[in-house]
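In my numbering, the protein residues as written are 308 to 574.
Each residue gets a CB set at the ideal place from its N, CA and C atoms; glycine is no exception.
Worksheet for the structure shown next.
Structure, rendered in structure tokens:
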């Protein structure tokens with residue numbers, strides 16, 4: 308096996324490893340080369356959402372520019388083909404004098420979507436069904452009703468499931484004490500999306516309690532907690548509420564601008 312093949316396999320292996328841990332990764336591959344450039348066609352670098360890289364396509368200013376573009380791709384979820392120049396004046400100028408050009412294909416990859424629904428009532432069970440149809444891996448949790456995937460209370464369930472950053476957690480018990488327990492525990496795990504079902508009055512009471520008992524202020528939860536969960540579409544029936552929640556989750560994951568119901572404003 309040649310050196311280039313080994314490096315590419317290492318990049319792909321590390322990419323799969325990061326995805327399995329719930330982190331987004333962009334693979335950047337040189338797909339065209341004209342003239343002199345630091346690396347040949349096929350060279351790859353993987354850029355993890357936290358800025359770490361695996362592999363190299365040339366290093367220096369060139370790779371920094373590719374990394375910047377890869378992080379943008381991870382944010383908006385779109386692939387792109389970018390031309391970089393090495394002193395030719397065509398494409399993005401790298402500032403290097405090699406005298407050639409390369410085109411880099413940047414492909415953002417997302418971990419599989421897992422939705423953890425805490426609460427198997429009308430909204431929770433409907434949300435679980437709709438999310439499965441939309442391609443999510445779903446775990447419906449409730450220790451009081453039948454027909455669920457995991458019959459455990461919130462704390463035990465979350466300890467077992469260990470939510471990753473890519474996981475979404477929706478709390479839909481409808482009982483203030485249980486919702487508070489679930490919210491408190493969910494915030495201790497890594498999920499970047501936590502939704503809390505309930506009226507604005509109920510949500511405010513739970514947030515006030517969270518501040519008083521745990522010292523967690525709403526400001527610190529921006530971009531992570533959506534409470535009340537869902538979009539402002541005038542939803543009333545359980546299926547409508549579930550649809551508004553699922554639409555919000557998809558929109559947040561895709562970076563869309565949305566009419567949130569949440570008192571905790573997104574970043």
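Evaluate residue 316 with the Cβ neighbour count: other Cβ atoms within 10 Å of its Cβ, from every protein chain shown; 16 or more gives buried, anything less gives exposed. Looking up residue 316 in the chain shown gives position 9. Residue 316 should be labelled exposed.
Just the Cα atoms here: how many angstroms apart are residue 519 and residue 512? Translated into positions along the chain shown, residue 519 becomes position 212. Translated into positions along the chain shown, residue 512 becomes position 205. Approximately 11 angstroms, taken between the alpha carbons.
Nearest to residue 426 by alpha carbon, out of 383, 420, 486? For the purposes of this step, residue 426 is taken as the residue at position 119 of the chain shown. Considering only alpha carbons, the answer is 486.
Less than 8 angstroms between the beta carbons of residue 340 and residue 407, yes or no? In the chain shown, counting from the first residue as 1, residue 340 sits at position 33. In the chain shown, counting from the first residue as 1, residue 407 sits at position 100. Yes, these two residues count as a Cβ contact at 8 angstroms.
Under 8 angstroms: do the stretch 447-462 and the stretch 501-508 share three or more Cβ pairs, one atom per stretch? no
Leaving aside the five residues before and after residue 422 along the sequence, list all residues of the same chain whose C-beta is less than 6 angstroms from its C-beta, in chain order. Position 115 of the chain shown holds residue 422. Correct list, in chain order: 438, 443, 445, 475.
Which residues in the same chain as residue 310 place their Cβ atom closer than 8 angstroms to its Cβ, once the five residues preceding and following it in sequence are excluded? Numbered from 1 along the chain shown, position 3 holds the residue referred to as residue 310. Bear in mind that the predicted position of residue 310 carries a pLDDT of just 46, short of 50, making it unreliable; the figure below should be weighed with that in mind. For residue 310, where only same-chain residues beyond five positions count, there are no Cβ hits under 8 angstroms.
Would you mind listing the beta strand (DSSP E) stretches within the stretch 351-418 that are 3+ residues and don't spill past its ends, in chain order? 351-355, 360-362, 387-392, 408-416
Which whole-angstrom value describes the C-beta separation of residue 538 and residue 551, a residue pair presumed to lie in contact below a C-beta threshold of 8 angstroms? Looking up residue 538 in the chain shown gives position 231. Looking up residue 551 in the chain shown gives position 244. Confirmed, about 5 angstroms.
Counting C-beta neighbours from all protein chains within 10 Å, is the total for residue 465 16 or more, i.e. buried, or is it exposed? Here residue 465 corresponds to residue number 158 of the chain shown, with the count starting at 1. Classification of residue 465: buried, given that the 10 Å Cβ count is 16 or more.
Residue 381: buried (16+ other C-beta within 10 angstroms of its C-beta) or exposed? The residue you call residue 381 lines up with position 74 of the chain shown. Looking at its Cβ environment, which holds 16 or more other Cβ atoms inside 10 Å, residue 381 is buried.
Is it buried or exposed for residue 434, if we count other Cβ within 10 angstroms and need 16 for buried? Within the chain shown, the letter at position 127 stands for residue 434. That one is buried.
What whole-angstrom Cβ distance do residue 429 and residue 545 have, given they're in contact under 8 angstroms? Reading the chain shown from its first residue, position 122 is the one you call residue 429. Reading the chain shown from its first residue, position 238 is the one you call residue 545. Confirmed, about 4 angstroms.
For residue 556, I'd like the list of residues in its chain whose CB is within less than 6 angstroms of its CB, leaving aside the five on either flank, ordered along the chain. Here residue 556 refers to the residue found at position 249 when the chain shown is read from its first residue. Correct list, in chain order: 475.
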